[in-house]
Structure formats: C-alpha cells, structure tokens
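In order, the protein sequence lines correspond to chains W and G. To convert, note that position 245 of the first sequence is 473 in our numbering; the numbers rise steadily by one, no gaps. To convert, note that position 89 of the second sequence is 121 in our numbering; the numbers rise steadily by one, no gaps. Backbone N, C-alpha and C define an ideal beta-carbon position, used for all residues, glycine too.
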Amino acid sequence: MILTVIAGGTLFTLMGKNPLEAIRVIFLDPIFNDTVASYTRPQILVKAAPLVMIALGLSYGFRANIWNIGAEGQYIIGALAGASVGLALYPSEAFWLLPLMGLAGIVGGLVWALIPALLKIYFRTNEILVSLMLVYVAINLLSGLVTGILRSPIGFNFPESRSFHALASTHNDELIAGTGMHFGVFFMLGLVIFCYWILKRHIFGFQVTLSGQAPRAAKFAGINPNLMIVLCLGISGSLAGLAGLLEVTGPAGKLTTTFPVGYGFTAIIVAFLGRLHPLGILLAGLLMAITYIGGELAQFMIGLPAAAILVFQGMLLFFLLATDILVNFRMRWNTQSKNRSRIARPS
Amino acid sequence: MAFTLPIEVAAEPLKVGFVYVGPIGDYGWTHEHDIGRQAVEEALGDKVETSYAESVPEGADAERVMTQMALSGHKLIYTTSFGYMDPTINVAEKFPNVKFEHATGFKRAPNVSTYSARFYEGRTVIGHIAGHMTETNVVGYIASFPIPEVVRGINSAYLAAKKVNPDVEFKIVWVFTWFDPAKEADAARALIDQGADVIMQHTDSPAAMTIAEESGIYAFGQASDMAQFGPTARLSSIIDDWSPYYIERTKAVIDGTWEMTDTWHGIKEGMVAIGAFSDRIPADVQASATAIKEAIVAGTMHSFEGPINRQDGTVWLKEGERADDGVLLGMNFYVEGIEGDIPQ
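See the structure below:
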C-alpha cells in the first residue's frame, strides 16, 4: 500500500498534480468527503457486490488448484438466462418472478461452468483454456441475442433489452431508500459469513484445501478428484451467474452489448488480493470498489485522466502481490550451487 | 501597486461537468466534445469551472458518475452519448436544480435538454465526393449501431453517391461499438477485401483512416478532421463543432435564461462542418461538392428529397417532396438500391 502511494504519488507529481490531494481523493473522498460520501459509501458496497460474490466462488477452485478463468462468461450467461426468463414472462407481475430469474441465473452460470468441468473429467482438457474461451462465446452470444430476439421493441433499434426497472417484480430494487443497496449487497455479506463457516468448520472446506495442497493425500482420504472439479467449478459458476442476474436486474437495468465490464476478471484479482480467504476477499473487493469510485471522483475533481487511474490500480495490485512474495519468501542470489532453487524458497 | 477590486463581488464560478463515452484522445467524437468544453472555458473565463470524466461506460457506471458530479456542485452537466439517455433522465429527476444537456437522445424533462447535429447533411457532401472518387464502385461503410441516426447517415451518403454514379454499391459492416480501434480496423480490412476503395465510418476512432492510408485507398474523417492519420488517404471530413452550442447554453445557465429545448442543427448553424478538400479531388468535383454544401445552407436542397423509394421498392417520397424531421428521427429502413438488411 505504502509503496503504491509513493510510486503513485510520484506519477501524479510528474503529471503536475498534487500527489497528496490525488491520493486523498482516490482513497478517502469516497468514504469521507462531505458532499459526495453519503452517496458513495453505499455505492462502494454496490460496486463491490458482484466482485466479492464471484471472487468467493472462485476461491474454492483456486484453493483446490482448479482454475476457473471464465467467471466473466458465467456472469454473462447467468444474466442472460435470468433475463430471458423475465423477458419471456413479460409483462407479468408476480412476487416469485425475481426469485425465479435468480434461479435461472444460477443455473445459467452453473451450466456454463460445468462445460469446462465435464470436458476436463472426460477428455482431460485444460479448464483454464476452455473456461477462458467460453467467455468470448458468451460475449458473442449476448451480442447476438440483444440485437436479435431479446431486443427491446421500444428501443429504437438499439441493441438492448427491455428495462427490468419498468416492472416492480423484475426490478432488483434498492432495499434501503437512497442508497442503491440491492439484494446483491446483502447476499454478499451473507455469503462472506457462510463461506467463512464452510472454510473453517465444514469438512468441504478442508477437502478443498487438501485437494489443492496434497492431491495424493486427498485421494487416500477418499476425496473423489472429479467430484471436486465439478463442485469447485459449479460453485463459482453459480455464484457468478447469480451476480450477473442481480447486476442486470439491479444497477445495469437491462442487457446491452456493453453489459460485461470485466467483473469476472477483476474478481480473480480480488480473490488473490484477499488471499482466498472470505474476509480478505470482502476487504479486497471493497478496496477495488473504492479505487473505482475514487478514480471517477479524481477525474472530475482534480482532472486526472482515466488512464492514470488505471495505471494506479495496476500499481496497487502489483505492489500488493510483489510484497506478498517478499514477505513469504526470501530472495537468494545464488550463482554457485545450481542444484538448489535459485530465486525463491520458503524462509 | 494595489489591485483594484471589482465593484461587484464575483459570483462563484458555475461548475460544468462533461461525461464522455470515450477517451478525450480518441481523435473523433469525444475529442470534439472536449474541444467544445475548452471553448467554454476560454469564452466564459472565470465565470465557469469545467471538469470531465472520460471513458464512462453507458449504464450503471454512468449514473453513478453523474450523481457524483451533481453532488459535488456541478450545476450543468453535458452527457455526450446516446446510451446515457436513461441514466441522465434518472439522475435529473433526483437533482431538479441541476441542468442536464444530453447529446443525440430523445427523452427530455424540465431540466433535461437534448441536442444533436444533422450529420446526415455532411454525409450528402462526402457521399457525393465518394461517388465520384470510387473506381471499383464499391464504398465501404463502417456502421456502429443500427439506430436511426446511423441508418440516416448511410441512406444520405448512398443517395448522394448514387446520384453521380449509378453503379455505386455500398458494403456495410456493423461493429456494435462507438469506439474500438481494433474492431474498426478489422472492419476496414474486411471492406477493402470486398473491393472497397473509399471508406466511410460512423465510429469514433481514426483506425479505419490509418488502414486506408496503408492500403492506398480513400477515406473520410469522422467527427474530427483526422488529417494527421491519413495525409494522402483523407479526402475530406465531417467535423462536429459543439463549441457555439456549449458556450450559448452554458451562458444561458449563468444568466438564468436556460430553458428545456431540443436542438437539431446542421451545416447552416455551423454544428456540422465539412473539412478542407484534399488536392486529390478533381477541381470540378470540389466545386460541385461546395455547391451542394451551399445549397443545403441556403435551403434550396435537402438530403432527402423525392423521388425516393424504400429498399422494398415502395414509394417513400414523391417527386419534390422532402422528408420531415419526424420520419428522419425514427428512420429504420434503407432506401432503394442498398443491399442487405439492417440488423433487426
């Protein structure tokens, strides 16, 4: 953090901005600024919700060495599946509509995640590649559908679906007036606690960690590796799908070709920043959300260009991960003994 | 030496915010809006304080950015992309004391005005040039979204080209983005592969211009002049000039005379300008293109003047009839002669 602030401050100084002010605007104003913070504080939670939900799902797979890189795709398909259910039933109003759409979102994300899972089990394909490639399939599917059958008849040919805010029963509305905090925020908080419990108290949390750290030992303990693949990818897919549905019925309001903004990829960073620990993920998600919102403030309050903020976010991640390695490993520059590991070994 | 204090205590400067869909360095759409912002600063000096947020995605993020601007004391906010329409209306409802100006939209409110330019008039001029300049008789067109504004541009350019070159054919690629240099470049390459030797675009980056330069064909600048990206390829350009409008509207807020309006200005009012002609355009074509421009300004000519048939052959405009703005604003059909379908 401190390193980022120093390097970022140097960057901002070089750009002719007051570095202290820039850093204050990015990190503190979203929480403490008199005029905007009453709005941005809950918005931080809203922005963090999909990130944290997806990252929590991913953390199981990452602990078990099962790499789901395609959460973005599962997020899109979840939104698509849930939204399609809502649009198919348009314009009916019923209390069960949003829950049903949520279920469809979960199933959508689940199915999309099970494709790489089953391919891995039966054909030993690499889940990293398959899940990543399916992101692009999902993006094109989304474009095809919103310019096709899901396109709003009242949208002047624009590639977008009907608004889910128009009907009360498809609107994932704010639950506390004026805050924008929708179901997703509360799901996020509940999930953090639940995942914490699973990790610490439930056998599944142990099995996941064991499969990742000692696959052979896990086999001897009777853990079916194929089942682990299905569960880990399934959980992350379902949560990504649900996050997508909550986003499309909530803040986004409708499906558009610009609906995916990379939450599925950012969530990978959030998961690692949070060290795959539920509480850490929550904090990491909030930190990311703060830099997004603070970055917007910095643009129009002190005229910092958007690209500089991206660089700053990149630095933050780089320094966090780099110091992580330096804290956990000791660097040794050893040119004499070639047999021993040269760069990093546990200290 | 003492400063003479102004007699009147200067009022707080008006805070004016701009929300951009692309980066200000796109050298196209957003670039021109930012030039408009700078013109406001220059013209109104210390009476205004402007700020902007760039590359703001259309949707939830846009709504948040606008809310933050309104909360932080901006009293006038320009939202410069069609996709900001619903967010603008939503935020305007929460801040009745803040004025909003939304570009290219059609939803208004007591504190939301809309403004747009008759880009299609510019298309008539460059369509005329394209019709003369193409040797393969294939004009490539990079289209963004199948909304009336874009369809109108295609029709307008095609009609003008067809008038001077009956054999001309338009190839249209839909890229479904306003700003994505990689996609725009791919579209340009695909069009060149299909034989296009003149490229027009309705997207924001100069990517297609650079491809045209590399391939030795012609192209037109869009929104911005783009001359530096295609010194030999560029024939002319359609330039959006938002400065007069922005200055006028910002001044109106300062003077307290701002009212909700819907503005649709063209070449005559200066919101649409035609960039300088390249030397590669023969003198007689330059002269006829200038004549068209002047006729549009004088009102003796209209981009859509009958007889014009729809793509399916049915009559749209009878001899001498001009299209009314209502039809133009909702245009979702091609005119006769254009091949292919509008993505539905």
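TODO: Return the chain-ordered list of same chain residues with a C-beta closer than 6 Å to the C-beta of G/Met363, the five sequence neighbours on each side being excluded.
DONE: Pro180, Val183 and Arg184
Open item on the list: According to DSSP, is W/Met361 part of a helix, a strand, or is it coil?
Closed with: helix
Task: G/Tyr84: contacting residues in chain W (beta-carbon distance under 9 Å) - done: Gln527, Phe528 and Gly531
Open item on the list: Just to check my reading of the structure: W/Gln605 and W/Ala534 have Cβ atoms closer than 8 Å, yes? What is that Cβ distance to the nearest angstrom?
Closed with: The requested residue 605 of chain W does not occur in the structure, where chain W is confined to residues 229 to 575.
TODO: Can you tell me which of G/Gly358, G/Gly331, G/Glu353 and G/Ala321 puts its alpha carbon nearest to the alpha carbon of G/Ala189?
DONE: G/Ala321
- [ ] Below 6 Å CB to CB, which residues in the same chain sit around W/Gly502 once its five sequence neighbours on both sides are set aside?
- [x] Gly508, Ile509 and Ala512
TODO: State the CB to CB distance for the pair G/Thr111 and G/Ala135, rounded to an integer number of angstroms; the pair is presumed to be in contact (CB under 8 Å).
DONE: 7 Å
Open item on the list: Using a 10 Å radius around the Cβ and a threshold of 16 neighbouring Cβ atoms, would you call W/Met243 buried or exposed?
Closed with: exposed
TODO: Pair every Cβ in the segment 270-285 of chain W with every Cβ in the segment 437-453 of chain W, then say whether three or more of these pairs are closer than 8 Å.
DONE: no
Open item on the list: For the segment 68-100 of chain G, list every residue whose C-beta sits within 8 Å of some C-beta in chain W, in sequence order.
Closed with: Ser83, Tyr84, Ala85, Glu86, Ser87, Val88, Pro89, Glu90, Gly91, Ala92, Asp93, Glu95, Arg96, Val97, Thr99 and Gln100
Open item on the list: Counting only Cβ-Cβ distances shorter than 8 Å, please list the residues of the segment 221-246 of chain G near chain W, keeping chain order.
Closed with: none
Open item on the list: Am I right that G/Val347 and G/Lys300 are in contact with their C-beta atoms under 8 Å? What's the rounded C-beta distance?
Closed with: That pair is no contact at about 28 Å.
Task: Selection from W/Ser397, W/Val374 and W/Ile251 that minimises the alpha carbon distance to W/Ile304 - done: W/Val374
TODO: Spatial neighbours of W/Ile521 within its chain, please: CB distance less than 8 Å, with the 5 preceding and 5 following residues excluded, ordered by chain position.
DONE: Pro258, Thr268, Gln271, Ile272 and Lys275
Open item on the list: Closest to W/Ile497 by C-alpha separation, out of W/Lys447, W/Ala283, W/Val476 and W/Arg252, would be which residue?
Closed with: W/Ala283
Task: Against chain G: residues of the segment 474-488 of chain W by CB proximity under 9 Å - done: Glu475, Gly478, Pro479, Ala480, Gly481, Lys482, Thr484, Thr485, Thr486 and Phe487
TODO: Give the interface partners of G/Leu379 over in chain W, defined as CB-CB distance under 7 Å, in chain order.
DONE: In the structure displayed, chain G extends from 33 to 376; residue 379 of chain G sits before or after that span and is not available.
Task: Enclosing alpha helix (DSSP H) for W/Tyr350 [first to last residue] - done: Leu325 to Phe351
- [ ] Apply the 10 Å Cβ neighbour rule to G/Trp210 and answer buried if 16 or more other Cβ atoms are within range, or exposed otherwise.
- [x] buried
Task: Partners in chain G for W/Gln541, counting only beta-carbon separations shorter than 7 Å - done: Under the 7 Å cutoff, chain G gives no residues; its nearest Cβ is about 14 Å from W/Gln541.
- [ ] Could you tell me which uninterrupted alpha helix (DSSP H) segments, each at least 4 residues in length, are contained entirely in the segment 409-449 of chain W, listed from first to last along the chain?
- [x] 411-429, 431-441 and 443-448
Task: Check whether G/Asp58 and G/Asp212 have beta carbons under 8 Å apart - done: no
TODO: Quick one: using the 10 Å Cβ neighbour count with 16 as the cut-off for buried, is G/Ile56 buried or exposed?
DONE: buried
- [ ] Could you list which residues in chain B have their beta carbon closer than 8 Å to that of W/Ser389, in chain order?
- [x] The structure shown contains no chain B; the protein chains it does contain are W and G.
Task: Touching by the beta-carbon criterion (3+ pairs, under 8 Å), the segment 389-407 of chain W and the segment 473-492 of chain W - done: yes
TODO: Have a look at G/Arg155, G/Ile109, G/Gly302 and G/Asp272 and flag the residue whose alpha-carbon is nearest the alpha-carbon of G/Glu133.
DONE: G/Ile109
Task: Segment limits, alpha helix (DSSP H) that includes G/Trp274 - done: Element bounds for G/Trp274: n/a, residue is neither H nor E.
Task: Distance between W/Gly531 and W/Thr519 (C-alpha atoms, nearest Å) - done: 16 Å
- [ ] Check distances from the C-beta atoms of the segment 231-259 of chain W to those of chain G and list, in chain order, the residues that come in under 8 Å.
- [x] none
- [ ] Using beta-carbon positions only, say whether G/Asp218 and G/Asn169 come within less than 8 Å of one another.
- [x] no
- [ ] Taking a Cβ distance cut-off of 9 Å, strictly less, list which residues of the segment 290-323 of chain W are near chain G, in chain order.
- [x] none
TODO: Classify G/Arg354 as helix, strand or coil using the three-state DSSP reduction.
DONE: strand
- [ ] Check the Cβ of G/Gly49 against every Cβ in chain W and list those closer than 9 Å, keeping chain order.
- [x] Phe528
Open item on the list: Among the candidates G/Leu191, G/Arg312 and G/Gln100, whose CA atom is the shortest distance from the CA of G/Tyr84?
Closed with: G/Gln100
Open item on the list: To be precise: take each residue of the segment 163-184 of chain G, compare its Cβ to all Cβ atoms of chain W, and keep it if any distance is under 7 Å. Which residues remain?
Closed with: Phe177, Pro178, Ile179 and Pro180
Task: DSSP beta-bridge partners of W/Thr484 - done: W/Glu388
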